[in-house]
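Heads up: the protein sequence lines correspond to chains A, B, C and D, in order. The first sequence lines up with residues 1 to 230 when you count with my numbering. The second sequence lines up with residues 1001 to 1852 when you count with my numbering. The third sequence lines up with residues 2001 to 2103 when you count with my numbering. The fourth sequence lines up with residues 3001 to 3412 when you count with my numbering. Just so you know, even glycine gets a beta-carbon here, dropped at the ideal spot from N, CA and C. This report refers to the structure that appears directly beneath it.
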Amino acid sequence: MGEAPHGGAEVINKNSGEMKIDQVFLFWIIAAMTGLSSIMVVVTQNIVRAATWLLFALGGTSGIFFLLGADFVGATQLLVYVGGTLVLVVFGVMLTAQGPFISMKTGAAEWGVAMIVGILLYGVLAISFFTGNPLTVVQPNQITETGPNTSLSSVTLGESLLGIEQASPPGNWTGAKLPANESSGSEEIKKVRKQVSYLLPFEIVSVHLLVVLIGAAYLARAKRRRGAIA
Amino acid sequence: MNWFLDVQEHPGLLYVYATLLPLASFVLLLLAGALRTALRPAPGVSGSNLYYLLGGDAPLRSGGYIATAGIGSAFVLSVFGFILFTRDYNAAFPHHDAQPGHAAVQGQGKTAEKESDDKADKRREQFDGHWKDSFDWAWVKTGNSTTSAKEGTVLKLGYKIDHLAAIMFLMVTLVATLIHLFSIGYMGEELQPEVEDHQVHTQHGSLRRRGRFGRFFLYMSLFCFSMLNLVLADNLFQVFLSWELVGICSYLLIGFYFERRSASDAANKAFITNRIGDAGFILGLIIIWTYVGSFNFEDIFHKVRAGEKDPSNTRYQFAGQVVRGEKVGFGEGTEKLRITPDGSEVVLFPLKGNAENIAEDKTVPTKINPGAGDFGTMPYWLLVTAGLGIFLGCVGKSAQFPLHVWLPDAMEGPTPVSALIHAATMVAAGVYLVGRCFPLFVPESRLVIAYTGAITLFVAATIAIVMTDIKKVLAYSTVSQLGYMMLALGVGGWVAGLFHLVTHAFFKALLFLGSGSVIYGCHHEQDMLKMGGLYPKMKITALTMLIGVLAIAGIPTFSGWFSKDAILAEALGFVHVNRQHGLLFLLPLMTAGITTFYMFRMWLLTFTGKPRDHHVFEHAGESPGVMTVPLIVLAFFSWVVAWGSNPLNPEKSYLEEQIHHAQHLSVTADFGMVAGAGEAAGEHTETVEHFTHEYHALAGYLALGIVLLAIIFAFVVYWFKVLDPAEAKEQFPGVHRFLWNKWYFDELYSAILVRPALTVAGWARGFDINVIDGTVDFLGRATVRISSWNGKFDLGIVDGLVNLTGNVIFGIGYSFRRLQTGYLRSYVLFLVLAAIGFFAVLSYFVAKTAAS
Amino acid sequence: MTPDLNHYLLLGAVLFVSGALCMANKRNAIGVLMGVELVLNGASINFIAFARFNPIFAIEGQIFALFVIVLAAAEAAIALAIVLNFYNNHMTVDVDTAEELKG
Amino acid sequence: MPTVTEFFAGLFGNRTIAYMVTGIIVGTILVAFVALSAIFFIWLERKVAGRIQDRLGPTRVGGKFGWLQTVADGLKLLAKEDTIPGNADHFLFRAGPYIAFCGSFLAFMALPFGNGWVAQNMNIAVFYMLAVMSTEIFGIILAGYGSGSKWSLFGGMREAAQMVSYEVPMAICVLIPVIVAGTMNLNEIGNKQTGGFWNWYAFHDPFTFCAFWTYFTCATASCKRAPFDLAEAESELVAGFHTEYSGLRWSFFFMAEYASMFAVSGIAILLFLGGWNVGIFPKDLSETFLGSIFGNVINVLVFIVKGWLLVFVMMWVRWTLPRLRIDQVMMTCLKYLLPMSCALLVLVSLWQIVMPPAVILYLKYFMAVISFLAVVLVGLRMFLTKEPPPMAGMPGVWNMPWVKRPTVARKS
């Protein structure tokens, strides 16, 4: 990162100055595993193997989350993705498999085109990352060690999901006013921060999940196949 | 609806009910008939139960009962109405009882007069509320006055009852009831499922058709409704509607046996002839609507005649006429009469005489006072025209010269129809309307009316002498009697004319029904020359007809005596004042004799002497009770209907008194008119009325003498056979032929009207075929040719362009179509490509912005 | 080399691109579904990284990642139901057989 | 107390190396514990099964009680040929056992054995454990699928369906003590149950009491232990998902199974049964005069004993109850356990809000005492019975000396 971040030269993390973690080693291992696994998902022709690679990729993602101090999200990722979604996917594979180890080949030309497009896309994304990144306000050396005392408490997360304002750290996207006695963060952050409450989105997502599950059950219910099996 | 049922408050509604009752029976019969027709099964198929309940193939007799009940109920209501009306009238106008026939009471103290005037006004108001009402029916949109129901822009339906209407109601309903009753018997053979008409010949022999009993009574009911509505009406428009309804009913009934050529011709003739009259009527209506803005009789009269109480109204002799108005200055050396019903002015045109007194440029009528009463200005000549137009309608309807030709032909209808038309309804309508619109007729108009009547009565009577068809004799006698009425009205004998209308209705209905009975007895033989000696066979018919003959002849104590004497007295009074119009008395006097002669001739030929046709004689017989009872009832009324306190005094008739009241109520009161038209001569002190009273006895004696002579002559010829009519015919062949051919009226009309019309029609047809059709054909061919060019252009160039566009677009689309592979994966790829492009463009612009 | 925000973003981009290519290349419908999951995970990584590297988004990032996970679960459920229906109708899960919209 | 990492950081002067060394040491300890536990459990299982089935179980290897039996079995397994069926997907076939074991083993990372003695002290430790253990399913499925055998596939599918279903009520039951404690940090939860055994959350209120049994049922099922061992139902599927496995790979499955048994038992102990607390001392032993290290050693021993007791209960259940049908398994979960756990969750929340503190307090005592007395009574009934069991006196039966051996009446 060549340039200084925009606007936040004096922004200081609350925990800065404390114990710092050297994440380099773990990051590179996990990132390599995740990236390779995701590429293997694309490359693998066997769908169940692809699912396995996907497992590694998702697990690696959750590792990244843990690494980034998002313990709750990481655990959720594991529980929901690996324990739920992926099992569901494999179920799907097995319910729709016509023979053992089925694979559907993709043509070489398609591979070529896809490769080019993928590289282009990655290039575009990378370029857009490096051409300007006003969102970075905490330098890597200010990142604190994860742990029960330093990472964002899941209680805080849950309370902000429940919309308990006093417990919620302020945010700038939901428009709630910052209480006068809120003292976390610097003055500059206080200016832009506002309180967040995600109770309504939480409820919406819950109801959405319920509706979707009912709908999925309806869609996937057993019914007579259309047309005779030739 | 409460209003409609509030008879206590509006006893006049009784008459409305009486009017609507025949309409109800008409509707009932119409619906039943329609239902029956709709349910009629195909031949050989059994119909529904309802069909047989409605009579099946044969008409139900109950149709006749329904119609008779309807009109009979109307009669009962009319009786009640008449009683209530006379009582109410006597209470409202007490002093008119004391001096009937006088328009105003003179010679009382001024204060008393004023007081009584106030009271009279109040009473009058109340009385009007009882017997007069109207409601809005349709708005005629004139100009921009669309929102307010401004007077003069609204057509109203309404009723107004006076003595004349009440008596007409009594007469019409009674006569019609009896005719209905008679018809139930007379039309009996229409009850069969199949009737054979011997007068119509088809290639399979005589025509066989279904019975039309119900249809006959259907028409009769509608006829009665129309006539009653006409009598009921308080405005010209309603009268006109009813007028036309009467016309169509007469058309339908005359043409009841429409399979007969003669019947359908007669119906057409009656209808078309009436059209001519109605044209005049419409003309009159248009003039009145334009200049008066109302069809209400009282409105019209108020506006064309000054009020009696208006002090500014004095009578002036002007241009040979008597008018009411105020003389005001009109420039130098000229004068103008202002007639001020509503403060408006009427400039009267000089019809004759001192035209030089009025400057040419001042003769143009000008609207002096636009505003509320801006219809008040009517040129005198338009007033004359309107009156004559309405009278022309009456001429057509009442079969006056020169439009009398349809009436004898109308004998083609069933005899009860003839009776109804001749006695009570259609022809009476004309006379009634003349009476009703009397204030519209200025002296010139009245003179025309009088002469028309005089000519008619004489012509018709002369023709009647030679007729041998019993119904035709009666028909011409009707025409003649109607002429009497018109004459009476024309000479100012308003009461006498309408009096005669009523009495005539009874005895003419009696005579027609009697003749119907004879015809029925003789199996539809109408020629008197084939009858004779029928008296023993049908005594009731003969005796009742004799009463009718005596009544029409004017034998004392019979009803005709009262009315005819009154007419002759009026005519004599008029002639006494206006000596130059002597014919107006001489002709009716002579005709009274002629009438007597031919009526006795008819009766003697029919009922006395030896039977001339044994076939007819042997089969002749008295009619059933349902036909004779009406005859007896009518005979009774023909005798006594005009009696007053002293049956031997022709001036003391109760009926005449009542009609006098009507004259006061509806014609002369407030309209600046008096009954007598003799003032036309300018005799202010000696009125025609005076002379009428003076010469009443004289006229009566003269008439009686002539009548007696005529009776003697008739007996001499047809009883004692001293003179042989055949010899007379041979001696005066020209006269006979002239009379036999009805004064060549039909031929005259044919020559001057029909043939030219046909010729012109032929020319028109030729023009149509050659010129118009040719033009159209040419245009058509040209259009086809142009269209073919156009089609080629369309196909070649327009369609070509459109197709080219379509093909180009199709080609482009076809080539782009390959991009839509349908593969989900390629769509994803395109999506990614789009994202790449988007990012690329975005980052380019971001970099550019950052750089700047 | 100390990993900063861009490294995480690049990792997310790898997942994203892999997912996109997976969607584009897999003929198996479930493979396409896996691609979707990969894409969503890439996005989640970005969210969490932003949450970590920018205190303003400390809460939002994690919560949005949670939402993404939940919605991904819902999406997987419905997508599998669709795949099963697809299989019922086509007797295969090859998405290339669903070419009724071919131009 | 400085952490181990800090200790090594001070030693090496490099944090990265300190982390790595710490990780290696901790991992080794845990792996050793898991492996040794597995060895012990296998032996225990055999003995328990034998005793419950009125047998003796292993008796010879290693002298008394056959305590080296498992080691011998291990040696045999190591020496066995590692066969892979020709029909199998080699990659998946190989990956399956490792994935399954990793899933189980990773759970130990957040499991505190003593006060603060935990590999990684996490805020969401219990949640993390559930999540990680759920990945074990995937290993099973891959094993079942990759074997290329229909028995294996059936077993894998059954396992997947069963575990996915049972995880739901289990997670909800875990939430109940979490609600009571107000944290998901297992260390804190354990600390909150310090003191008398009436402070254990199982006795906190009736709902936690019920939740404990519900949780234990679900945990048994999620470890695919009988009577829920449909995945390896030998009477139907030969050996279920591990039919085709042999040798070390097969033993990995068993290590995973026993590891997860101890893991869920550990969760149960930490959430419901007081964790490392003995239940009779008013304070945590590590905070007493014993010192943090020695006190914690006792804590760890207490914890492990408790865990073994629960694992023993699982074995006891296994060899006592017959296996259910698959539909009965699913019905038990979805129609009974799931609604029950939901109701408990709601009710325990309401209990916290509605009940007066006195009721909460005294009911706690009451339930604890009653339960204790019940356990004591059952024990006394078991050990003090005068009547010998029907099979008493038969050879190999565990003889209780205070029970009089009945004389078998012989008909003469």
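6 Å CB neighbourhood of residue i in its chain, flanking five on each side removed
i	result
D/Q3069	W3043, P3058 and V3061
B/L1021	G1070, S1073 and A1074
C/H2090	T2097
B/F1082	A1166 and L1170
B/K1652	G1644, S1645 and N1646
Anticipated Cβ contact below 8 Å, residue i with residue j, distance rounded
i	j	result
A/W111	C/N2025	7 Å
B/K999	B/K1122	It is not possible to answer for residue 999 of chain B, since the shown part of chain B is limited to 1001 through 1852.
D/S3152	D/E3244	6 Å
B/G1277	B/L1392	5 Å
B/T1541	B/G1497	Their Cβ separation, rounded to whole angstroms, is 30 Å, which puts B/T1541 and B/G1497 out of contact at 8 Å.
D/G3156	D/I3172	D/G3156 to D/I3172, Cβ: 26 Å. No contact.
B/A1505	B/S1480	The pair is not a contact, with the Cβ atoms about 15 Å apart (cut-off 8 Å).
Contact set for residue i: own chain, Cβ-Cβ below 8 Å, skip 5 residues either direction
i	result
C/N2028	V2093, D2094 and V2095
D/L3337	Y3166, P3169, T3214, T3217 and C3218
D/I3304	F3113
Within chain B, partners of residue i - CB distance below 9 Å
i	result
C/M2023	L1824, R1825, V1828, L1829, L1831 and V1832
A/L54	Neighbours of A/L54 on chain B: none; closest Cβ ~18 Å, over 9 Å.
C/V2032	L1824, R1825 and V1828
Under 7 Å from the C-beta of residue i: neighbouring residues of chain B
i	result
A/I127	S1843
C/D2096	Y1823
Contacts of residue i in chain C (Cβ-Cβ under 8 Å)
i	result
A/L219	I2078, A2081, I2082, L2084 and N2085
A/A114	L2021, A2024 and N2025
A/L58	E2037 and N2041
Same chain, Cβ closer than 7 Å to residue i, five either side skipped, listed in chain order
i	result
B/I1421	S1250, A1410 and V1427
A/T61	T34 and Q77
B/S1226	S1242, L1245, V1246 and C1249
C/L2011	I2045
Chain-ordered neighbours of residue i on chain A, where CB pairs are closer than 9 Å
i	result
D/F3127	D71, F72, A75, T76, L79 and S154
Amino acids of chain D, ordered along the chain, whose beta-carbon sits closer than 7 Å to that of residue i
i	result
A/M33	Going along chain D, no residue has its Cβ under 7 Å from A/M33, so there is no contact; the nearest lies around 13 Å.
A/F25	T3016
Interface residues of chain A facing residue i [CB-CB closer than 8 Å]
i	result
D/N3299	Residues of chain A passing the Cβ test: none, with the nearest at roughly 19 Å.
B/F1793	In chain order: nothing, as chain A lies at least about 52 Å away.
Contacts that residue i makes with chain C (C-beta to C-beta distance below 7 Å)
i	result
A/E110	N2025
Proximal residues of chain C, C-beta to C-beta of residue i below 9 Å
i	result
A/V87	Within 9 Å Cβ-Cβ: nothing; A/V87 doesn't reach chain C, min ~10 Å.
Beta-carbon neighbours of residue i, restricted to chain B and to distances below 8 Å
i	result
A/V117	L1829, V1832, L1833 and I1836
Sufficient close CB pairs (3 or more, under 8 Å) joining the stretch 3106 to 3120 of chain D to the stretch 3075 to 3082 of chain D:
Too few Cβ pairs lie closer than 8 Å, so no.
Segment contact flag, the stretch 3200 to 3212 of chain D with the stretch 3167 to 3180 of chain D, C-beta cutoff 8 Å, min 3 pairs
With a cut-off of 8 Å, the stretch 3167 to 3180 of chain D and the stretch 3200 to 3212 of chain D count as touching, because enough Cβ pairs lie within range.
Check whether the stretch 1186 to 1193 of chain B touches the stretch 1054 to 1061 of chain B, taking contact to mean three or more Cβ pairs, one atom from each stretch, closer than 8 Å.
Touching, yes.
Can you find at least 3 beta carbon pairs, one from the stretch 3276 to 3292 of chain D and one from the stretch 3091 to 3108 of chain D, that sit closer than 8 Å?
No: fewer than three Cβ pairs fall under 8 Å.
Could you say if the stretch 1529 to 1537 of chain B and the stretch 1551 to 1569 of chain B meet the contact criterion of at least three C-beta pairs nearer than 8 Å?
At 8 Å Cβ cutoff, the stretches do not touch.
Between the stretch 1797 to 1816 of chain B and the stretch 84 to 95 of chain A, do at least 3 Cβ pairs fall closer than 8 Å?
No, the stretch 1797 to 1816 of chain B is not in contact with the stretch 84 to 95 of chain A.
Inter-stretch contact (C-beta, 8 Å, three-pair minimum) for the stretch 1582 to 1591 of chain B and the stretch 1450 to 1458 of chain B:
The stretch 1582 to 1591 of chain B is in contact with the stretch 1450 to 1458 of chain B.
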